[in-house]
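A.B. asks: First, the structure itself, so that you have it in front of you.
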Amino acid sequence: MLNIPPSLQVLFDAALLAEKIPESARPYYSNWLRFYLDFCLKHQVEPGDENNLAPFLDKLLGKQLLEWQCKQAAQAVSLYYDLTRNPESPKPQRLHEDPTLPGPKASVLPRTAPPISRKPCAVQAPSDLPPLSAYGLVSIWEGGDFAKSQTTSGVSWKTEYTSLEDEILLRHYSRKTLKTYRQWLRKFQAFTRSKQPESLAVDDVKEFLTWLAVKRTVAASTQNQAFNALLFFFRHVLHREFGKVDGVVRAKRRPYIPVVLTREEIDLIITHLSPPYDLVVKVLYGCGLRLFECLNLRMQCLNFEMGVITVHDGKGQKDRTVPLPEALIPELRSRVEKLKDLHQRDLDRKYAGVFLVTALEQKYPRAAKEFVWQWLFPAQGLTKVPETSEYRRYHLHETRVQKAIRAAVGKARLCKRASAHTFRHSFASHLLQANFDIRTIQELLGHSDLKTTMIYTHTVKSSTIKDARSPLDF
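Add 19 to a position in the sequence shown, counting from 1, and you land on the number used in my numbering.
Structure, rendered in structure tokens:
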């Protein structure tokens with residue numbers, strides 16, 4: 020977390036005093052400013068750009084903060100804008116929140132909350148206020164190489180962000196894709212200093228991609244991800260052909276060899292995991308699933324009679340079946356019986372059911388409460404839906420699983436960097452080591468291209484006979 024430079028802290032404390040912020044609440048305002056500066060550094064955006072306030076509040080909302088906390092953070096950042104703004108520029112209206120508000124409220128701050136008029140900050144920045152770079156807050160711009168030397172035009176891209184979300188949801192892309200594309204669009208907006216979207220050209224994309232490769236030295240996969248996000252933005256949001264992007268310095272793609280654990284190492288990790296995380300890892304390794312595929316399993320995905328697990332809406336919205344490990348059948352049956360009791364307790368508490376995909380609940384109103392739609396790995400508590408004030412159950416959050424696996428790997432004192440996806444790599448490598456057909460492994464993993472599966476040929480020892488012999492001599 021960044022520390023506020025002393026010279027800026029003095030000005031900020033004076034602004035808090037002029038705003039009559041109680042002394043007991045001032046440390047919280049300073050913390051909000053620290054969070055904002057750290058947010059700007061992490062996302063590579065200019066701290067003085069007032070367009071960053073909305074994304075920052077979105078970040079706070081994602082952490083389940085309450086209305087009064089978000090408004091207090093908005094007021095703290097607004098005071099910072101007053102201190103760093105050009106004295107000749109107009110003072111925008113800001114969100115105002117009484118710092119003496121009582122405790123938490125049940126409501127949630129809307130993402131597009133209208134600003135409330137308030138008087139401008141009584142403390143004005145002196146004319147000789149040093150630039151932001153003097154505070155060490157914009158080191159990511161590397162002395163101005165990030166985005167030329169022109170000033171920010173201040174054009175809002177709110178319509179473009181809304182269109183981006185609509186286009187992605189229209190194509191049923193995942194929420195992670197939306198989050199990733201939105202992040203790249205924000206970085207591209209900061210790089211172009213918020214130019215008019217109509218004036219954006221392919222040359223801007225060339226300069227941005229070249230800057231990523233030369234100045235930021237990003238990985239090739241990261242640069243390709245940025246390229247795909249901007250390609251989608253130009254085609255489906257701006258409705259313009261992208262054209263050829265020639266002369267771009269591309270990051271060199273290095274061959275990647277995935278980390279593979281031995282069976283003994285996997286068993287050792289499992290011994291350091293508590294339920295239900297041990298069973299999650301067993302399913303990840305035993306079926307070769309991705310983490311989100313495993314956590315999205317429902318009761319109806321298990322078929323004990325046929326010995327298969329059906330994976331619905333995997334990567335690329337594809338379904339597939341994988342063999343159900345016989346060693347896990349007794350443990351899975353026992354878990355199903357326990358989940359029946361949990362489901363009955365939820366029904367007694369009048370909960371609204373589980374979260375369903377798309378508009379399935381409109382077609383089947385009772386599906387959310389039916390046992391076949393319950394999660395195999397449900398969350399420990401119920402989630403309140405702010406719009407309807409209903410309580411629903413979500414599946415186990417992926418961050419909890421990842422944290423548990425990191426802790427188990429640390430306790431096992433392995434010399435390998437293992438994550439949840441490592442068990443999927445181990446699944447494929449161990450099958451290949453057992454001389455299973457590569458195309459069979461491709462189907463089990465759900466790969467569209469055989470080249471993706473071929474990477475696992477580098478993780479096991481080759482048993483190919485290299486002596487030249489005629490088949491007539493076999």
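Note that CB positions come from ideal geometry on N, CA and C, so glycine has one too.
Consult DSSP for Tyr304 and reduce its assignment to one of helix, strand or coil.
C.D. replies: Residue state, collapsed to three classes: helix.
A.B. asks: If we count the other Cβ atoms within 10 Å of its Cβ and call it buried at 16 or more, is Lys480 buried or exposed?
C.D. replies: By the 10 Å Cβ count, Lys480 comes out exposed.
A.B. asks: Use the C-beta contact count for Ser293: other C-beta atoms within 10 angstroms, 16 or more gives buried, fewer gives exposed.
C.D. replies: That one is exposed.
A.B. asks: Please classify Tyr276 as buried or exposed, where buried requires at least 16 other C-beta atoms within 10 Å of its C-beta.
C.D. replies: First, the residue type needs correcting, since residue 276 is Ile and not Tyr in the sequence shown. Exposed, because fewer than 16 other Cβ atoms sit within 10 Å of the Cβ of Ile276.
A.B. asks: Kindly list the residues whose CB is nearer than 7 Å to the CB of Phe207, restricted to its own chain and excluding five residues on each side of it in sequence; keep chain order.
C.D. replies: These residues qualify, in order along the chain: Phe227 and Leu249.
A.B. asks: Thinking Ser448 and Tyr475 are a contact (beta carbons under 8 Å), I'd like their distance in whole angstroms, please.
C.D. replies: At roughly 5 Å, the Cβ-Cβ gap stays under 8 Å, so Ser448 and Tyr475 are in contact.
A.B. asks: Which value, in whole angstroms, describes the spacing of the CA atoms of Asp297 and Lys234?
C.D. replies: Whole-angstrom Cα-Cα distance: 43 Å.
A.B. asks: Report all residues from its chain with a CB closer than 7 Å to the CB of Glu409; omit the five preceding and five following residues, and keep chain order.
C.D. replies: Cβ within range, chain order: Ala371.
A.B. asks: Am I right that Arg352 and Phe323 are in contact with their C-beta atoms under 8 Å? What's the rounded C-beta distance?
C.D. replies: With a Cβ gap of about 7 Å, Arg352 and Phe323 count as contacting.
A.B. asks: Does DSSP classify Leu228 as helix, strand or coil?
C.D. replies: Helix at Leu228.
A.B. asks: Pop quiz: Lys435 and Leu287 are said to be a contact at Cβ under 8 Å. What is the actual Cβ separation, rounded to whole angstroms?
C.D. replies: 11 Å between Cβ atoms; not a contact.
A.B. asks: Please report the straight-line C-alpha distance between Thr196 and Leu183, rounded to a whole angstrom.
C.D. replies: Computed Cα separation, rounded: 11 Å.
A.B. asks: Using CA coordinates, which residue listed in Glu217, Gly400 and Lys198 is at the minimum distance from Gln244?
C.D. replies: Ranking the options by Cα distance to Gln244, first place goes to Lys198.
A.B. asks: What does the Cβ neighbour count give for Lys90, buried or exposed, with the cut at 16 atoms within 10 Å?
C.D. replies: Buried: at least 16 other Cβ atoms inside 10 Å.
A.B. asks: Residues in its own chain within less than 7 Å of Glu380 by CB, not counting five upstream and five downstream?
C.D. replies: The answer, listed in chain order, is Ala386 and Ala387.
A.B. asks: Specify whether the stretch 64-73 and the stretch 27-44 touch according to this definition: at least 3 beta carbon pairs, one from each stretch, less than 8 Å apart.
C.D. replies: No, the stretch 64-73 does not touch the stretch 27-44.
A.B. asks: With a threshold of 7 Å on Cβ separation, who are the neighbours of Asn105 within its own chain once the five nearest residues in sequence on each side are excluded?
C.D. replies: Reliability of the predicted coordinates at Asn105 is poor, the pLDDT of 43 falling under 50, and no value is obtained from them.
A.B. asks: Just reading off the beta strand (DSSP E) that Lys39 is part of, what are its end residues?
C.D. replies: Run containing Lys39: none; DSSP gives neither H nor E here.
A.B. asks: Tell me His362's beta-bridge partners as DSSP assigns them.
C.D. replies: DSSP output for His362 lists no bridge partner at all.
A.B. asks: With a threshold of 16 other CB atoms inside 10 Å of the CB of Pro66, please say whether the residue is buried or exposed.
C.D. replies: Under this definition Pro66 is a buried residue.
A.B. asks: In its own chain, which residues sit with a C-beta less than 8 Å from the C-beta of Asn22, not counting the 5 before and 5 after it?
C.D. replies: Cβ neighbours of Asn22 beyond the five flanking positions: Arg53.
A.B. asks: Helix, strand or coil: which one does DSSP assign to Ala73?
C.D. replies: Of the three classes helix, strand and coil, the one that applies to Ala73 here is helix, per DSSP.
A.B. asks: Determine the direct distance from the alpha carbon of Trp176 to that of Gln28, and round the result to whole angstroms.
C.D. replies: Rounded to the nearest angstrom, the two C-alpha atoms are 31 Å apart.
A.B. asks: Look at the alpha carbon of Arg411 and the alpha carbon of Val299, and state the distance between them as a whole number of angstroms.
C.D. replies: The straight-line gap from Cα to Cα measures roughly 22 Å.
A.B. asks: Quick one, are the C-beta atoms of Ile328 and Leu314 less than 8 Å apart?
C.D. replies: Their beta carbons are not under 8 Å apart, which means Ile328 does not touch Leu314 by this criterion.
A.B. asks: Between the beta-carbon of Phe390 and the beta-carbon of Met473, is there less than 8 Å?
C.D. replies: No, the pair does not count as a contact, with Cβ atoms beyond the cut-off.
A.B. asks: Would you kindly report the start and end of the unbroken alpha helix (DSSP H) that includes Glu417?
C.D. replies: Element bounds for Glu417: Glu417 to Ala431.
A.B. asks: What is the rounded straight-line gap between the Cα of Tyr47 and the Cα of Arg419?
C.D. replies: Taking the straight line joining both Cα atoms gives about 28 Å.
A.B. asks: Could you spell out where the beta strand (DSSP E) holding Ile328 opens and where it closes?
C.D. replies: Segment Val327 to Val330, the beta strand (DSSP E) holding Ile328.
A.B. asks: Give the DSSP-derived three-state secondary structure of Glu350 in the structure shown.
C.D. replies: Helix, per DSSP.
A.B. asks: Is it buried or exposed for Arg364, if we count other Cβ within 10 angstroms and need 16 for buried?
C.D. replies: It counts as exposed.
A.B. asks: Within 10 angstroms of its Cβ, does Ala232 collect 16 or more other Cβ (buried), or is it exposed?
C.D. replies: With 16 or more Cβ atoms within 10 Å of its Cβ, Ala232 is classed as buried.
A.B. asks: Measuring alpha carbon to alpha carbon, tell me which residue in Glu186, Leu310 and Glu350 is nearest Lys422.
C.D. replies: Checked all of Glu186, Leu310 and Glu350; the closest Cα to Lys422 is Leu310.
A.B. asks: With a threshold of 8 Å between beta-carbons, can Val479 be considered close to chain D, or not?
C.D. replies: Of the protein chains in this structure there is only one, and it is not chain D.
A.B. asks: Which first and last residues belong to the alpha helix (DSSP H) in which His62 is found?
C.D. replies: His62 -> alpha helix (DSSP H) spans Arg45 to His62.
A.B. asks: If distances are taken between C-alpha atoms only, which option among Val302, Gln215 and Asp468 comes closest to Gly335?
C.D. replies: The shortest C-alpha separation from Gly335 is found at Asp468.
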